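Participant: For the record, the sequence lines run as chains A and B.
Residue -2 is where the first sequence starts when you use our numbering, and the numbers rise one by one after that.
Residue 83 is where the second sequence starts when you use our numbering, and the numbers rise one by one after that.
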Amino acid sequence: MAELSVAVPRRAPRDFAGLWIGPPLLILAGLFLYPLALILRETLTGGTAVLSLGHFAEVLGSALFRTALYHTIIIALGSTAGCLALGFVFSLIIAFVPFPGARLLARLIDTFIALPTFLIALALTFIYGSAGLLNEGLMRLLHLDLPPIDFLYSQWGVILSEITVYTPFVMRPLLASFSLIEPAQIEVASSLGARPFRIIRQIILPAALPALLAGGSLCLLLTVNEFGIVLFIGAKDVITLPLLIYDKAIQEFDYTTACVIAVANIGLSLGLFSLYRLAVSRFEDRRHAGLV
Amino acid sequence: MKVPTLPSAANHHPALPGNPPPCPSSQAGEGSGGRRGRVWEGDAGGLRRGKAAASDPAGASSGIAFEDVTVAYGALVVLDSLSLVVKPGEIVALIGPSGSGKTTALRAVAGFVRPTRGRILIGERDVTNVPPHDRNIGMVVQNYALFPHMRAEENVAFGLRARRAPDAVLRERVPECLRMVGMAAYAKRYPRELSGGQQQRVAIARALAIRPQVLLLDEPLSALDAQIRRSMLEELARLHRDLPSLTVLYVTHDQTEALTLANHIGIMRDGKLVAFGSAQSLYRHPPNRFAAEFLGRANLLPVKALVSDVGGLTHVRFGDAPLLARNHHGLPAGSECLLCIRPHDLRIHAGDPATAPLRGTVRAVQWQGEMHSIALEVGGHPLRLTCAPLKAPPEPGEMLALHFDPEDATLVPEDGDG
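(1) Can you give me the C-alpha to C-alpha distance between A269 (chain B) and F280 (chain A), rounded to a whole angstrom?
(2) Report yes if the C-beta distance between P170 (chain A) and G212 (chain A) is below 8 Å; otherwise report no.
(3) Cβ of T253 (chain A) within 8 Å of Cβ of G43 (chain A)?
(4) Run down chain B in chain order and give the residues with a C-beta less than 9 Å from the C-beta of P203 (chain A).
(5) So which residues of chain B does V221 (chain A) contact, with C-beta pairs closer than 8 Å?
(6) Measuring straight from C-alpha to C-alpha, what distance separates H215 (chain B) and A291 (chain B)?
(7) Which bits of chain E does R192 (chain A) rub up against, with CB to CB less than 7 Å?
(8) Should R63 (chain A) go down as buried or exposed, given a rule of 16 or more other Cβ atoms within 10 Å for buried?
(9) Can you check which of these residues, B:A483, B:V168, B:L413, is closest to E496 (chain B) by C-alpha distance?
(10) Along the chain, where does the beta strand (DSSP E) containing R399 (chain B) start, and where does it finish?
(11) Among all the DSSP beta bridges, which residues are the ones paired with I204 (chain B)?
(12) With a 10 Å radius around its C-beta and 16 neighbouring C-beta atoms as the bar for buried, classify A289 (chain B) as buried or exposed.
(13) According to DSSP, is D216 (chain B) part of a helix, a strand, or is it coil?
(14) Beta carbons nearer than 7 Å to chain A: which residues of the region 234 to 254 of chain B have them?
(15) Report the CB separation of I173 (chain B) from N370 (chain B) in whole angstroms; it is logged as a contact under 8 Å.
(16) Considering only the beta carbon of each residue, do V444 (chain B) and I456 (chain B) sit closer than 8 Å?
(17) What number of angstroms, rounded off, separates the C-alpha of R501 (chain B) from the C-alpha of L421 (chain B)?
(18) Looking at the structure shown, is K233 (chain A) part of a helix, part of a strand, or coil, going by DSSP?
(19) Going by DSSP, what residue range makes up the alpha helix (DSSP H) through P32 (chain A)?
(20) Which residues in chain B have a C-beta closer than 7 Å to the C-beta of V185 (chain A)? List them in chain order.
(21) How close, in whole Å, do the beta carbons of L38 (chain B) and A387 (chain B) come, if the pair is a contact with beta carbons under 8 Å?
(22) Going by C-alpha distance, which of B:E480, B:W449, B:G462 is nearest K473 (chain B)?
(23) Which residue or residues does DSSP assign as beta-bridge partners of R408 (chain B)?
(24) Going along the chain, which residues of the region 167 to 180 of chain A sit with their C-beta nearer than 7 Å to a C-beta in chain B?
(25) W449 (chain B) bridges to which residues according to DSSP?
(26) Give the DSSP-derived three-state secondary structure of R233 (chain B) in the structure shown.
(27) Can you tell me which residues form a DSSP beta bridge with M350 (chain B)?
(28) Alpha carbon to alpha carbon, what distance is there between I258 (chain A) and V56 (chain A)?
(29) Leaving out five residues on either side along the sequence, give the residues of the same chain with a beta carbon under 6 Å from the beta carbon of G353 (chain B).
(30) Which one of B:R207, B:P213, B:G220, B:M265 has the shortest CA to CA distance from F194 (chain B)?
(31) Do you know offhand how far W17 (chain A)'s Cα is from A26 (chain A)'s?
(32) Provide the residue(s) that pair with P464 (chain B) in DSSP beta bridges, ordered along the chain.
(33) For the beta strand (DSSP E) containing S163 (chain B), name the first residue and the last one.
(34) Is the shortest distance between the beta-carbon of I292 (chain B) and the beta-carbons of chain A less than 8 Å?
(35) Reducing DSSP to helix, strand and coil, say where V260 (chain A) ends up.
(36) Assuming L250 (chain B) is part of the alpha helix (DSSP H), what are its boundary residues?
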């Protein structure tokens, strides 16, 4: 006689794994989200009990804010472009031009990342500053009363400093991506008649695009929010958003304006970050589709 | 070794009846040279290269010559005074173990390694100091090195674009070369969408599209599995039959590839060319122990050459056993040397064991599907015999009588340099 057996479903053990999200969420809320909410509340209330967008309209419409925003964007874009160009050239040389000490140089550039950003600004004032080596030398040589070179105290000085500081941030991912390119590809391209510039354009650049995108985006985010370098250069007419926040909050005790500018700055950063994510995901899609 | 002179072979391109004009073969009016100042002429098929066309007659193919080429990195000599000629339209295989200098020799032709001494000629042109992009060579490497972001057809077109070929040339030659390697249906695929064998076919098409003077193959089949390797080997042989003018320098560590494809084989060891000759003669009459052992399996018995016979055979003595062998290298009477006999030339003696020239003890018997391999010990020396599968293979420990045709045995100098 056939036996009938019925499988009794076992009771699934309770899954508590989901609870692990709790602690990090709490820490994030305490350290980041709550202060952010306080800033947002300040922008909307201005220390009163009434919610209003008036502070936003007032601050965002002011010439001071627009100038700071303009400087911030110009400096960030200029520095990022400079970092990408310089980082690409330096990385190409280090990775593909065999010379003794290339690896040491790469390490040395790497250590730049560990240095405080304002240190470079300080170093540049020693060289290009009004009492720096270059100006003193030229004044003595040409018998001048005033320093002939004063670009350091303009936005170009800030851009130069930021390029110096942030170029290694582009080089790191670039060198990593260059190390993944098969040397045989470059050799075969060369044997097929391609000269170095064509090899860079058609073989190396497509392989390095993700690294350029990642390094460039990181540079853009960091330079938008750069504070130390701009403060240290002390250029009179170069006010950026982070510097304006500092001025308003610390020097003028105008917390509401500082918070509005901070929110705008956060918006700019998040906007750039979203653009970066979009570009990366588009790039990945194209990569999967085989276009890159 | 004698410093070679480089022959040239004009009109070395027999047209194949019924076949489309093969991709890299020289058509009427095609020059070869790859110097600056190339001029692409109007019609799609007519590639001419300014000055080069003047130095090389139309339809000529080029050989490669190494003249006393030495490559050293500081005190480390990786290629030592290599002198070698690859005649136009010939396939020469360089074989040797890792670190023997064979790849360095190929890279020196490609221009990626600069000789510290000597010169390299492609055709009549001294290319020793010419940059790689100006040498007009095709190169295929072990890991294919296809450009991953380009489709198969774009990979093939790369060299033509680098040489600023007109669109008409691209439109004609790219499909032609893909067709030639059986990849026409895969023109739009990216390398990652192709199998290893298919990628290597595209790599070959890419190298051929520029109509190179010489084709350099650096272990092109090493990354493929055994079955695909065999079929690719046949493909390469067919390709060269279709393109008889193509000069090929083939670097490999696989003796089967070398024996199958090459007209001549160079055996390298420690940066030196230790043997060079036609594939058959090198296999049948290896000039030294290393060549005998590296190219195919060889049984080497220490013998003493006695007297030459009139029939071209020499009486030798292996221990107390008198044997007969060919003295191809003309070793003098009384010299100590090695008797080289290939495992498949050694046979089990069916008659009276007392009449057999050799007797040995069976040490191991292996059945390898298509053959039996029997390891023996003869007079304290290991010996291997291969034969068609035996119905009743001998047992280890059994005494086996052996014989061989003296025409198949050759005397090899012990420390000769060939």
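In this text, a Cβ means the ideal position worked out from N, Cα and C, and glycines have one as well.
As the structure is a computational prediction, the values presented were derived from the model and not from experiment.
Facilitator: Considering the structure as presented:
(1) Against the second sequence, residue 269 (chain B) aligns to sequence position 187. Against the first sequence, residue 280 (chain A) aligns to sequence position 283. Using only the alpha carbons, I get a separation of about 23 Å.
(2) Stepping through the first sequence from its first residue, residue 170 (chain A) is reached at position 173. Stepping through the first sequence from its first residue, residue 212 (chain A) is reached at position 215. Against a cut-off of 8 Å, the Cβ pair of G212 (chain A) and P170 (chain A) comes out as a contact.
(3) Position 256 of the first sequence, counting from 1, holds the residue named residue 253 (chain A). Position 46 of the first sequence, counting from 1, holds the residue named residue 43 (chain A). Annotated as proximal: T253 (chain A) and G43 (chain A), with beta-carbon spacing under 8 Å.
(4) By one-based count along the first sequence, residue 203 (chain A) stands at place 206. The answer, in chain order, is F229, P230, H231, M232.
(5) Position 224 of the first sequence, counted from the first residue, corresponds to residue 221 (chain A). None at all; the shortest Cβ gap to chain B is about 31 Å.
(6) For the purposes of this step, residue 215 (chain B) is identified with residue 133 of the second sequence, where counting begins at 1. For the purposes of this step, residue 291 (chain B) is identified with residue 209 of the second sequence, where counting begins at 1. Going by the C-alpha atoms only, they are around 15 Å apart.
(7) Given the protein chain composition of this structure (A and B), no chain E is represented.
(8) The residue you call residue 63 (chain A) lines up with position 66 of the first sequence. Counting Cβ neighbours within 10 Å, R63 (chain A) comes out exposed, since fewer than 16 surround it.
(9) Here the question's residue 496 (chain B) lines up with position 414 in the second sequence. Here the closest residue by C-alpha is B:L413.
(10) The residue given as residue 399 (chain B) occupies position 317 in the second sequence. Run containing R399 (chain B): 395 to 400, per the beta strand (DSSP E) assignment.
(11) Sequence index remark: in the second sequence, residue 204 (chain B) carries index 122 (1-based). DSSP, once it has assigned bridges, lists B:I146, B:R207 as partnering I204 (chain B).
(12) Counting from 1 along the second sequence, the entry for residue 289 (chain B) is found at position 207. Buried, since its Cβ has 16 or more Cβ neighbours within 10 Å.
(13) Residue mapping note: residue 216 (chain B) aligns to position 134 of the second sequence, counting from 1. The answer is helix: DSSP assigns D216 (chain B) an H, G or I state.
(14) The residues in question are F240, G241, A244, R245.
(15) What you label residue 173 (chain B) is simply residue 91 of the second sequence in a count that begins at 1. What you label residue 370 (chain B) is simply residue 288 of the second sequence in a count that begins at 1. Not a contact, Cβ separation roughly 23 Å.
(16) Position 362 of the second sequence, counting from 1, holds the residue named residue 444 (chain B). Position 374 of the second sequence, counting from 1, holds the residue named residue 456 (chain B). Result yes, Cβ atoms of V444 (chain B) and I456 (chain B) sit closer than 8 Å.
(17) Residue 501 (chain B) lies beyond the range of chain B shown here (83 to 500); nothing can be said about it.
(18) Here residue 233 (chain A) refers to the residue found at position 236 of the first sequence. DSSP places K233 (chain A) in coil when its eight states are reduced to three.
(19) Residue mapping note: residue 32 (chain A) aligns to position 35 of the first sequence, counting from 1. 31 to 42 is the span of the alpha helix (DSSP H), which, as asked, contains P32 (chain A).
(20) The sequence position of residue 185 (chain A) within the first sequence is 188, counting from 1. Result: M221, V223, A227.
(21) Past the boundaries of the shown model lies residue 38 (chain B); chain B is included only from 83 to 500, so the question cannot be answered.
(22) For the purposes of this step, residue 473 (chain B) is taken as the residue at position 391 of the second sequence. Of the listed residues, the one whose Cα sits closest to K473 (chain B) is B:W449.
(23) Position 326 of the second sequence holds residue 408 (chain B). Beta-bridge pairing links R408 (chain B) to B:L395, B:T492.
(24) E179
(25) The residue labelled residue 449 (chain B) in the question sits at position 367 within the second sequence. Bridge partners of W449 (chain B): B:H454.
(26) The sequence position of residue 233 (chain B) within the second sequence is 151, counting from 1. Coil.
(27) Taking the first residue of the second sequence as position 1, residue 350 (chain B) is located at position 268. B:L355, per the DSSP bridge assignment.
(28) Translated into positions along the first sequence, residue 56 (chain A) becomes position 59. Translated into positions along the first sequence, residue 258 (chain A) becomes position 261. Whole-angstrom Cα-Cα distance: 7 Å.
(29) Reading the second sequence from its first residue, position 271 is the one you call residue 353 (chain B). Excluding residues within five positions, the ones whose Cβ falls inside 6 Å are V159, V160, L161, D162, G183.
(30) Counted from its first residue, the second sequence places residue 194 (chain B) at position 112. Ranking the options by Cα distance to F194 (chain B), first place goes to B:P213.
(31) Numbered from its first residue, the first sequence carries residue 17 (chain A) at position 20. Numbered from its first residue, the first sequence carries residue 26 (chain A) at position 29. In a straight line, the C-alpha of W17 (chain A) is about 15 Å away from that of A26 (chain A).
(32) Counting from 1 along the second sequence, the entry for residue 464 (chain B) is found at position 382. Note: P464 (chain B) sits in a beta bridge opposite B:E459.
(33) For the purposes of this step, residue 163 (chain B) is identified with residue 81 of the second sequence, where counting begins at 1. Start and end: 158 to 168.
(34) Locating residue 292 (chain B) in the second sequence gives position 210, counting from the first residue. Yes - at least one Cβ of chain A is within 8 Å of the one on I292 (chain B).
(35) Stepping through the first sequence from its first residue, residue 260 (chain A) is reached at position 263. When DSSP states are grouped into helix, strand and coil, V260 (chain A) belongs to the helix group.
(36) If you number the second sequence from 1, residue 250 (chain B) lands on position 168. Before going further, note that residue 250 (chain B) is Ala rather than Leu in the sequence given. Counting along the chain, the alpha helix (DSSP H) containing A250 (chain B) begins and ends at 249 to 262.
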